[in-house]
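The letter at position 288 of the sequence shown is residue 471 when you use my numbering, and the numbering goes up by one with no holes.
Beta carbons: idealized from backbone N, C-alpha and C, even for Gly.
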Amino acid sequence: GFNEMYNNPPPIDLTPAEAAIFWGKYVQPAAVANGLILVSPTAKNKDKGIKWFADFLKQCYDRRFQTDPCDIEIIKRFAVHEYYCYSDLFEEGYGGGSSELITGLAQQLGNYGGKNDWLTYLRNRDLWVTETNCYWESTAPHLDSKEQCLRTTGQKWQTHGSGHLSKMNKMANVERYAWWTVWNIQAKPNYLTYLNGQLTPIGKAYLSPGNPKVDCEFPGVKLYARDATLTGTAELFTCKSTGTQMIRRGGAFKEQLGTVTFAVNVPSSGNYAINVSHLTVGARNLNVSVNNGSPNYSTLFSTGSFCLDGGASTVVPLELTGLKAGVNTITFGKLMKKQMPFIEWVSVVI
(Lines of atoms letter the chains of each structure in order from A; the text may use other names.)
(Lines give C-alpha, C1' and ligand atoms only; values in the text may rest on other atoms or scores of the structure.)
Protein backbone atom coordinates (compact mmCIF):
# COMPACT_ATOMS: atom_id res chain seq x y z
CA GLY A 184 0.00 0.00 0.00
CA PHE A 185 0.91 3.69 0.00
CA ASN A 186 3.85 4.70 2.16
CA GLU A 187 3.36 7.01 5.19
CA MET A 188 0.85 9.34 3.60
CA TYR A 189 0.26 10.91 7.02
CA ASN A 190 3.64 12.63 7.23
CA ASN A 191 3.26 15.60 4.89
CA PRO A 192 0.43 17.83 3.67
CA PRO A 193 -0.79 17.64 0.05
CA PRO A 194 0.49 17.75 -2.60
CA ILE A 195 3.54 16.00 -1.14
CA ASP A 196 1.40 13.16 0.19
CA LEU A 197 -1.95 11.91 -1.06
CA THR A 198 -5.14 12.86 0.72
CA PRO A 199 -7.26 9.90 1.89
CA ALA A 200 -9.75 10.67 -0.92
CA GLU A 201 -7.01 10.66 -3.57
CA ALA A 202 -5.53 7.47 -2.15
CA ALA A 203 -8.90 5.69 -2.30
CA ILE A 204 -9.29 6.62 -5.98
CA PHE A 205 -5.82 5.36 -6.91
CA TRP A 206 -6.32 2.28 -4.74
CA GLY A 207 -9.45 1.28 -6.63
CA LYS A 208 -7.94 2.10 -10.01
CA TYR A 209 -4.46 0.58 -9.67
CA VAL A 210 -3.49 -1.11 -6.39
CA GLN A 211 -6.52 -3.31 -5.74
CA PRO A 212 -6.87 -4.58 -9.35
CA ALA A 213 -3.16 -5.45 -9.49
CA ALA A 214 -3.40 -7.46 -6.27
CA VAL A 215 -6.54 -9.29 -7.37
CA ALA A 216 -5.18 -10.07 -10.85
CA ASN A 217 -2.03 -11.63 -9.37
CA GLY A 218 -3.64 -13.43 -6.45
CA LEU A 219 -1.77 -11.36 -3.86
CA ILE A 220 -2.67 -10.58 -0.27
CA LEU A 221 -3.70 -6.94 -0.26
CA VAL A 222 -2.02 -4.98 2.51
CA SER A 223 -3.25 -1.54 3.56
CA PRO A 224 -1.49 1.80 3.24
CA THR A 225 0.82 2.42 6.17
CA ALA A 226 -0.79 3.00 9.55
CA LYS A 227 0.87 4.22 12.74
CA ASN A 228 -0.26 4.56 16.34
CA LYS A 229 -0.05 8.34 16.34
CA ASP A 230 -2.81 10.91 15.95
CA LYS A 231 -1.94 11.81 12.34
CA GLY A 232 -1.40 8.18 11.35
CA ILE A 233 -4.69 7.01 12.85
CA LYS A 234 -6.66 9.95 11.42
CA TRP A 235 -5.31 9.53 7.89
CA PHE A 236 -5.86 5.76 7.82
CA ALA A 237 -9.37 6.01 9.27
CA ASP A 238 -10.26 8.63 6.66
CA PHE A 239 -8.85 6.40 3.94
CA LEU A 240 -11.06 3.52 5.09
CA LYS A 241 -14.07 5.86 5.03
CA GLN A 242 -13.26 7.08 1.52
CA CYS A 243 -12.64 3.53 0.33
CA TYR A 244 -15.94 2.37 1.81
CA ASP A 245 -17.74 5.21 0.04
CA ARG A 246 -16.27 4.10 -3.29
CA ARG A 247 -17.30 0.45 -3.02
CA PHE A 248 -19.86 0.77 -5.83
CA GLN A 249 -17.86 3.04 -8.18
CA THR A 250 -16.62 2.03 -11.64
CA ASP A 251 -13.16 1.47 -10.12
CA PRO A 252 -14.35 0.25 -6.72
CA CYS A 253 -12.31 0.43 -3.55
CA ASP A 254 -13.25 -2.57 -1.42
CA ILE A 255 -12.15 -2.54 2.24
CA GLU A 256 -12.98 -6.24 2.58
CA ILE A 257 -10.19 -7.18 0.16
CA ILE A 258 -7.65 -5.46 2.44
CA LYS A 259 -6.62 -8.45 4.54
CA ARG A 260 -3.68 -7.03 6.51
CA PHE A 261 -2.76 -3.65 7.98
CA ALA A 262 0.75 -2.30 7.35
CA VAL A 263 2.50 -0.55 10.23
CA HIS A 264 5.72 1.46 10.48
CA GLU A 265 7.23 1.99 13.94
CA TYR A 266 10.67 3.41 14.72
CA TYR A 267 10.79 2.83 18.45
CA CYS A 268 12.03 -0.38 20.09
CA TYR A 269 10.24 -0.36 23.46
CA SER A 270 8.52 -3.68 24.11
CA ASP A 271 5.75 -1.96 26.10
CA LEU A 272 5.03 0.40 23.20
CA PHE A 273 4.32 -2.53 20.92
CA GLU A 274 2.20 -4.36 23.49
CA GLU A 275 0.06 -1.33 24.25
CA GLY A 276 0.10 0.27 20.82
CA TYR A 277 -0.36 -2.73 18.55
CA GLY A 278 -1.09 -5.83 20.65
CA GLY A 279 -4.45 -7.31 19.76
CA GLY A 280 -7.97 -6.04 19.38
CA SER A 281 -7.81 -3.68 22.35
CA SER A 282 -4.59 -1.95 21.26
CA GLU A 283 -4.31 1.80 20.97
CA LEU A 284 -4.19 1.49 17.18
CA ILE A 285 -7.41 -0.52 16.90
CA THR A 286 -9.35 1.45 19.51
CA GLY A 287 -8.14 4.74 17.98
CA LEU A 288 -9.30 3.69 14.53
CA ALA A 289 -12.62 2.46 15.93
CA GLN A 290 -13.22 5.82 17.60
CA GLN A 291 -12.54 7.63 14.33
CA LEU A 292 -14.80 5.32 12.32
CA GLY A 293 -17.74 5.07 14.72
CA ASN A 294 -20.73 3.94 12.67
CA TYR A 295 -19.55 5.71 9.54
CA GLY A 296 -21.58 4.91 6.45
CA GLY A 297 -24.14 3.06 8.52
CA LYS A 298 -21.59 0.30 9.11
CA ASN A 299 -21.93 -0.81 12.74
CA ASP A 300 -19.26 -3.52 12.72
CA TRP A 301 -16.12 -1.46 12.10
CA LEU A 302 -14.52 -2.76 15.31
CA THR A 303 -15.02 -6.37 14.21
CA TYR A 304 -13.54 -5.52 10.81
CA LEU A 305 -10.46 -3.93 12.43
CA ARG A 306 -9.89 -6.79 14.85
CA ASN A 307 -9.94 -9.31 12.02
CA ARG A 308 -6.88 -7.76 10.35
CA ASP A 309 -3.43 -8.93 11.44
CA LEU A 310 -0.45 -6.58 11.19
CA TRP A 311 2.54 -6.55 8.91
CA VAL A 312 5.19 -4.29 10.48
CA THR A 313 6.83 -3.49 7.17
CA GLU A 314 9.41 -1.03 8.54
CA THR A 315 10.96 -0.85 11.97
CA ASN A 316 14.17 0.07 13.77
CA CYS A 317 15.18 2.23 16.73
CA TYR A 318 16.46 5.19 14.69
CA TRP A 319 13.96 7.82 15.81
CA GLU A 320 14.21 7.15 19.55
CA SER A 321 16.82 9.89 19.53
CA THR A 322 17.68 12.58 17.03
CA ALA A 323 20.71 14.04 18.79
CA PRO A 324 22.28 11.75 17.92
CA HIS A 325 20.35 9.03 16.16
CA LEU A 326 21.08 5.67 17.75
CA ASP A 327 23.99 3.80 16.20
CA SER A 328 24.08 0.08 15.44
CA LYS A 329 25.46 -0.86 18.87
CA GLU A 330 22.78 1.08 20.76
CA GLN A 331 20.00 -0.37 18.60
CA CYS A 332 21.43 -3.85 19.18
CA LEU A 333 21.41 -3.34 22.95
CA ARG A 334 17.76 -2.26 22.87
CA THR A 335 16.73 -5.15 20.63
CA THR A 336 18.43 -7.89 22.65
CA GLY A 337 17.10 -7.03 26.11
CA GLN A 338 20.33 -5.40 27.29
CA LYS A 339 18.42 -2.18 28.05
CA TRP A 340 15.84 -4.03 30.14
CA GLN A 341 14.82 -1.17 32.42
CA THR A 342 13.67 0.98 29.52
CA HIS A 343 13.03 -1.47 26.66
CA GLY A 344 12.26 -4.80 28.27
CA SER A 345 13.24 -7.66 25.99
CA GLY A 346 12.98 -5.37 22.95
CA HIS A 347 10.30 -4.90 20.34
CA LEU A 348 11.28 -7.80 18.07
CA SER A 349 11.08 -10.28 20.93
CA LYS A 350 7.71 -8.79 21.88
CA MET A 351 6.36 -9.03 18.32
CA ASN A 352 7.42 -12.68 18.15
CA LYS A 353 4.91 -13.30 20.94
CA MET A 354 2.08 -11.15 19.57
CA ALA A 355 -0.55 -13.28 17.82
CA ASN A 356 -1.77 -10.42 15.62
CA VAL A 357 1.69 -9.53 14.23
CA GLU A 358 2.09 -11.87 11.28
CA ARG A 359 5.46 -10.61 10.10
CA TYR A 360 7.94 -7.76 10.48
CA ALA A 361 10.89 -6.35 8.55
CA TRP A 362 13.85 -4.28 9.71
CA TRP A 363 14.61 -1.15 7.73
CA THR A 364 16.93 -2.01 6.12
CA VAL A 365 19.43 -4.69 5.07
CA TRP A 366 21.86 -2.21 3.48
CA ASN A 367 21.73 1.20 1.82
CA ILE A 368 24.26 3.58 0.29
CA GLN A 369 23.36 6.36 2.76
CA ALA A 370 25.65 6.79 5.77
CA LYS A 371 23.07 5.73 8.36
CA PRO A 372 23.38 3.38 11.33
CA ASN A 373 20.34 1.18 10.65
CA TYR A 374 21.65 -1.65 8.54
CA LEU A 375 21.63 -5.39 9.17
CA THR A 376 24.81 -5.95 7.16
CA TYR A 377 27.78 -4.19 5.73
CA LEU A 378 27.97 -4.18 1.94
CA ASN A 379 29.96 -7.44 1.90
CA GLY A 380 27.20 -9.21 3.84
CA GLN A 381 28.97 -9.31 7.20
CA LEU A 382 26.59 -8.70 10.08
CA THR A 383 26.47 -5.36 11.87
CA PRO A 384 25.61 -5.34 15.60
CA ILE A 385 21.98 -4.84 14.53
CA GLY A 386 22.24 -7.83 12.21
CA LYS A 387 23.34 -10.03 15.10
CA ALA A 388 20.46 -8.72 17.21
CA TYR A 389 17.95 -9.39 14.43
CA LEU A 390 18.94 -13.05 14.41
CA SER A 391 18.67 -13.34 18.20
CA PRO A 392 16.07 -10.83 19.45
CA GLY A 393 15.69 -10.67 23.20
CA ASN A 394 18.98 -12.53 23.79
CA PRO A 395 21.15 -10.48 26.20
CA LYS A 396 24.20 -12.62 25.37
CA VAL A 397 24.53 -11.09 21.90
CA ASP A 398 27.79 -9.17 21.49
CA CYS A 399 26.77 -5.69 20.34
CA GLU A 400 30.28 -4.29 19.94
CA PHE A 401 31.38 -2.98 16.55
CA PRO A 402 33.62 -5.38 14.63
CA GLY A 403 37.24 -4.57 13.89
CA VAL A 404 40.16 -3.16 15.84
CA LYS A 405 39.55 0.44 16.85
CA LEU A 406 42.02 3.09 15.82
CA TYR A 407 41.57 6.10 18.06
CA ALA A 408 42.10 9.78 17.36
CA ARG A 409 45.58 9.59 18.92
CA ASP A 410 46.56 6.92 16.35
CA ALA A 411 46.01 9.22 13.37
CA THR A 412 48.56 11.30 11.47
CA LEU A 413 47.37 14.90 11.26
CA THR A 414 48.35 17.64 8.84
CA GLY A 415 47.56 21.33 8.60
CA THR A 416 44.81 22.63 10.84
CA ALA A 417 43.65 19.21 12.11
CA GLU A 418 44.30 18.79 15.84
CA LEU A 419 43.60 16.56 18.82
CA PHE A 420 41.42 17.80 21.66
CA THR A 421 39.51 16.29 24.57
CA CYS A 422 35.75 16.49 24.19
CA LYS A 423 34.33 17.70 27.51
CA SER A 424 30.99 15.90 27.23
CA THR A 425 32.37 12.48 26.24
CA GLY A 426 35.73 12.64 28.03
CA THR A 427 37.41 11.18 24.93
CA GLN A 428 39.98 12.51 22.49
CA MET A 429 38.70 13.61 19.11
CA ILE A 430 40.13 15.31 16.04
CA ARG A 431 38.73 18.70 15.05
CA ARG A 432 39.41 21.27 12.34
CA GLY A 433 39.88 18.67 9.63
CA GLY A 434 38.89 19.60 6.11
CA ALA A 435 38.80 23.32 5.35
CA PHE A 436 39.21 25.55 8.42
CA LYS A 437 39.77 29.30 8.05
CA GLU A 438 40.73 28.84 4.40
CA GLN A 439 43.37 26.26 5.29
CA LEU A 440 43.26 22.48 4.95
CA GLY A 441 43.67 19.77 7.57
CA THR A 442 43.77 16.03 6.92
CA VAL A 443 43.41 12.97 9.14
CA THR A 444 45.11 9.73 8.10
CA PHE A 445 44.88 6.26 9.63
CA ALA A 446 47.11 3.33 8.64
CA VAL A 447 45.09 0.12 8.43
CA ASN A 448 46.15 -3.45 7.77
CA VAL A 449 43.89 -5.81 5.84
CA PRO A 450 44.49 -9.48 5.03
CA SER A 451 43.64 -9.36 1.32
CA SER A 452 42.96 -6.93 -1.48
CA GLY A 453 39.36 -5.81 -1.90
CA ASN A 454 36.61 -3.57 -0.57
CA TYR A 455 36.03 -3.03 3.14
CA ALA A 456 33.63 -1.19 5.41
CA ILE A 457 34.80 1.09 8.18
CA ASN A 458 32.91 2.23 11.26
CA VAL A 459 33.40 5.94 11.92
CA SER A 460 32.68 7.39 15.35
CA HIS A 461 32.10 11.11 14.96
CA LEU A 462 30.42 14.24 16.31
CA THR A 463 28.95 17.05 14.26
CA VAL A 464 26.54 19.93 14.76
CA GLY A 465 24.41 20.10 11.68
CA ALA A 466 24.88 17.83 8.69
CA ARG A 467 28.41 17.88 7.33
CA ASN A 468 30.16 16.22 4.44
CA LEU A 469 33.04 13.86 5.08
CA ASN A 470 35.32 12.62 2.34
CA VAL A 471 37.62 9.65 2.52
CA SER A 472 40.36 8.49 0.17
CA VAL A 473 42.28 5.21 0.10
CA ASN A 474 46.03 5.25 -0.56
CA ASN A 475 45.90 8.87 -1.79
CA GLY A 476 43.27 8.08 -4.41
CA SER A 477 40.33 10.28 -5.34
CA PRO A 478 38.09 10.98 -2.33
CA ASN A 479 34.50 9.79 -1.99
CA TYR A 480 31.99 11.99 -0.17
CA SER A 481 29.33 11.07 2.37
CA THR A 482 26.92 13.26 4.31
CA LEU A 483 26.86 12.63 8.06
CA PHE A 484 23.77 13.83 9.90
CA SER A 485 23.87 16.04 12.96
CA THR A 486 24.70 14.37 16.27
CA GLY A 487 23.22 17.27 18.24
CA SER A 488 25.44 19.62 20.23
CA PHE A 489 29.09 20.56 20.58
CA CYS A 490 31.28 19.09 23.32
CA LEU A 491 30.81 22.10 25.61
CA ASP A 492 27.02 21.69 25.38
CA GLY A 493 26.72 18.00 26.21
CA GLY A 494 27.29 16.65 22.70
CA ALA A 495 27.54 12.92 22.04
CA SER A 496 29.20 10.92 19.28
CA THR A 497 27.64 8.24 17.13
CA VAL A 498 28.88 5.65 14.63
CA VAL A 499 28.06 5.15 10.95
CA PRO A 500 29.44 2.68 8.41
CA LEU A 501 31.26 3.85 5.28
CA GLU A 502 32.28 1.60 2.40
CA LEU A 503 35.82 1.78 0.96
CA THR A 504 37.04 0.35 -2.34
CA GLY A 505 40.46 -0.59 -3.66
CA LEU A 506 42.35 -1.61 -0.54
CA LYS A 507 45.39 -3.82 -1.05
CA ALA A 508 46.67 -6.66 1.10
CA GLY A 509 48.78 -5.27 3.93
CA VAL A 510 49.04 -1.67 5.10
CA ASN A 511 46.82 1.02 3.57
CA THR A 512 46.21 4.69 4.31
CA ILE A 513 42.72 6.04 4.86
CA THR A 514 42.62 9.83 4.70
CA PHE A 515 39.77 12.14 5.71
CA GLY A 516 39.49 15.79 4.69
CA LYS A 517 41.44 15.78 1.44
CA LEU A 518 40.35 18.59 -0.93
CA MET A 519 37.36 19.51 1.24
CA LYS A 520 35.90 23.00 0.99
CA LYS A 521 34.32 23.00 4.45
CA GLN A 522 35.15 21.72 7.90
CA MET A 523 34.48 18.02 8.42
CA PRO A 524 32.94 16.31 11.49
CA PHE A 525 35.03 15.59 14.57
CA ILE A 526 36.52 12.08 14.44
CA GLU A 527 36.71 9.95 17.60
CA TRP A 528 37.76 6.53 16.23
CA VAL A 529 37.50 4.22 13.24
CA SER A 530 37.54 0.45 12.82
CA VAL A 531 37.91 -1.63 9.68
CA VAL A 532 35.46 -4.50 9.33
CA ILE A 533 37.60 -7.57 8.63
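(request) Go to Val498, then tell me how far its beta strand (DSSP E) extends in each direction, as first and last residue. (result) Residue 498 sits at position 315 when you count from the first residue of the sequence shown. Note, Val498: beta strand (DSSP E), Thr497 to Leu506.
(request) Measure the C-alpha to C-alpha separation of Val447 and Tyr374 and round it to an integer number of angstroms. (result) For the purposes of this step, residue 447 is identified with residue 264 of the sequence shown, where counting begins at 1. For the purposes of this step, residue 374 is identified with residue 191 of the sequence shown, where counting begins at 1. Roughly 24 Å separates the two Cα atoms.
(message) Can you check which of these residues, Gly337, Asn356, Ser282 and Thr342, is closest to Leu349 by C-alpha distance?
(response) Stepping through the sequence shown from its first residue, residue 349 is reached at position 166. The question names Leu, but residue 349 is Ser in the sequence shown. Measuring from the Cα of Ser349, the nearest candidate turns out to be Gly337.
(request) Just tell me which of Thr482, Ala355, Asp271 and Phe445 has its CA closest to the CA of Lys405. (result) Along the sequence shown, one-based indexing puts residue 405 at 222. Of the listed residues, the one whose Cα sits closest to Lys405 is Phe445.
(request) In the DSSP assignment, find the unbroken beta strand (DSSP E) run with Phe525 in it and report its ends. (result) Numbered from 1 along the sequence shown, position 342 holds the residue referred to as residue 525. Per DSSP, Phe525 belongs to the beta strand (DSSP E) from Phe525 to Val531.
(message) Tell me the residue span of the alpha helix (DSSP H) that contains Tyr407.
(response) Residue mapping note: residue 407 aligns to position 224 of the sequence shown, counting from 1. Tyr407 -> not in any alpha helix (DSSP H); beta strand (DSSP E) instead, spanning Lys405 to Tyr407.
(message) Between Pro450 and Ala355, how many whole angstroms is the CB-CB distance? I'm expecting something under 8 Å.
(response) Residue 450 sits at position 267 when you count from the first residue of the sequence shown. Residue 355 sits at position 172 when you count from the first residue of the sequence shown. About 47 Å separates the two Cβ atoms, so there is no contact after all.
(request) From the DSSP output, read off the bridge partner residues of Met429. (result) Along the sequence shown, read from residue 1 onward, the residue named residue 429 stands at position 246. DSSP output for Met429 lists Phe420 as bridge partner(s).
(request) Report the residue ranges of all beta strand (DSSP E) runs contained in full by the stretch 227 to 281; include only those spanning at least 3 residues, in chain order. (result) Listed in chain order, the complete beta strand (DSSP E) runs (minimum 3 residues) inside the stretch 227 to 281 are 258 to 265.
(message) By the DSSP assignment, the alpha helix (DSSP H) with Val215 in it spans what residues?
(response) The count along the sequence shown starts at 1 and reaches residue 215 at position 32. Val215 -> alpha helix (DSSP H) spans Gln211 to Ala216.
(message) Suppose you measure from the CA of Val464 to the CA of Thr442; what does that come to, to the nearest Å?
(response) Counting from 1 along the sequence shown, the entry for residue 464 is found at position 281. Counting from 1 along the sequence shown, the entry for residue 442 is found at position 259. C-alpha of Val464 to C-alpha of Thr442: approximately 19 Å in a straight line.
(request) Over the uninterrupted alpha helix (DSSP H) stretch that includes Phe205, give me the two end residues. (result) Taking the first residue of the sequence shown as position 1, residue 205 is located at position 22. According to the DSSP assignment, Phe205 belongs to the alpha helix (DSSP H) that extends over Pro199 to Phe205.
(request) From the DSSP output, in three-state form, read off Asp327 for me. (result) On the sequence shown, residue 327 is found 144 positions in, with the first residue counted as 1. Note: Asp327 maps to coil in three-state DSSP.
(request) Let me know the secondary structure DSSP gives Arg308 once reduced to three states. (result) Counting from one through the sequence shown, the residue named residue 308 turns up at place 125. In the structure shown, the three-state DSSP call for Arg308 is coil.
(request) Over the uninterrupted alpha helix (DSSP H) stretch that includes Thr342, give me the two end residues. (result) Counted from its first residue, the sequence shown places residue 342 at position 159. For Thr342, the enclosing alpha helix (DSSP H) begins and ends at Trp340 to His343.
(request) State the CB to CB distance for the pair Ile526 and Gly386, rounded to an integer number of angstroms; the pair is presumed to be in contact (CB under 8 Å). (result) For this step, residue 526 is matched to residue 343 along the sequence shown. For this step, residue 386 is matched to residue 203 along the sequence shown. That belief does not hold up - the Cβ atoms of Ile526 and Gly386 are roughly 24 Å apart, past 8 Å.
(request) Below 8 Å CB to CB, which residues in the same chain sit around Tyr377 once its five sequence neighbours on both sides are set aside? (result) Here residue 377 refers to the residue found at position 194 when the sequence shown is read from its first residue. Result list for Tyr377: Trp366, Thr383, Ala456, Pro500, Glu502 and Val532, in chain order.
(message) According to DSSP, Thr534 sits in a beta bridge with which residue or residues?
(response) Nothing about residue 534 can be read from this structure; the chain reaches only from 184 to 533.
(request) Can you have a look at Tyr360 and say buried or exposed, based on whether 16 or more other CB atoms are within 10 angstroms of its CB? (result) Counted from its first residue, the sequence shown places residue 360 at position 177. With 16 or more other Cβ atoms within 10 Å, it is buried.
(message) Going by DSSP in three states, Leu288 sits in which element: helix, strand or coil?
(response) Here residue 288 refers to the residue found at position 105 of the sequence shown. Helix, per DSSP.
(request) Would you mind working out which of Val471, Ala435 and Thr512 sits nearest Met519, comparing C-alpha positions? (result) Working through the sequence shown from its first residue, we reach residue 519 at position 336. Checking every option, the nearest Cα to that of Met519 belongs to Ala435.
(request) Would you mind working out which of Asp245, Ser424, Glu400 and Leu440 sits nearest Asn470, comparing C-alpha positions? (result) Mapped onto the sequence shown, residue 470 falls at position 287. That would be Leu440, whose Cα lies nearest to the Cα of Asn470.
(message) So, with DSSP's three-state summary, where would you put Thr444?
(response) Reading the sequence shown from its first residue, position 261 is the one you call residue 444. Thr444: strand per DSSP, three-state reduction.
(message) Can you tell me whether Ala466 is helix, strand or coil according to DSSP?
(response) Sequence index remark: in the sequence shown, residue 466 carries index 283 (1-based). Ala466: coil per DSSP, three-state reduction.
(request) Could you check which residue in Ser223, Pro392, Gly476 and Arg431 has the C-alpha nearest to that of Arg308? (result) Taking the sequence shown and counting its residues from 1, one reaches residue 308 at position 125. Comparing Cα positions, the closest option is Ser223.
(request) Can you tell me the Cβ-Cβ gap for Gly207 and Gln249, rounded? I've got them flagged as a contact below 8 Å. (result) In the sequence shown, the residue the question calls residue 207 occupies position 24. In the sequence shown, the residue the question calls residue 249 occupies position 66. Indeed they touch by this definition, with Cβ atoms about 6 Å apart.
(message) For Asn474 and Thr504, what's the separation of their Cα atoms in angstroms?
(response) For the purposes of this step, residue 474 is taken as the residue at position 291 of the sequence shown. For the purposes of this step, residue 504 is taken as the residue at position 321 of the sequence shown. In a straight line, the C-alpha of Asn474 is about 10 Å away from that of Thr504.
(message) Rounded to whole angstroms, what is the Cα-Cα separation between Ala213 and Asp327?
(response) On the sequence shown, position 30 is the one that residue 213 refers to. On the sequence shown, position 144 is the one that residue 327 refers to. Looking at the two C-alpha atoms, the distance is approximately 39 Å.
(request) Going by CA-CA distance only, name the one from Asn379, Phe489, Asn191 and Trp363 that's closest to Arg431. (result) If you number the sequence shown from 1, residue 431 lands on position 248. Comparing Cα-Cα distances from Arg431 to each of Asn379, Phe489, Asn191 and Trp363, the minimum goes to Phe489.
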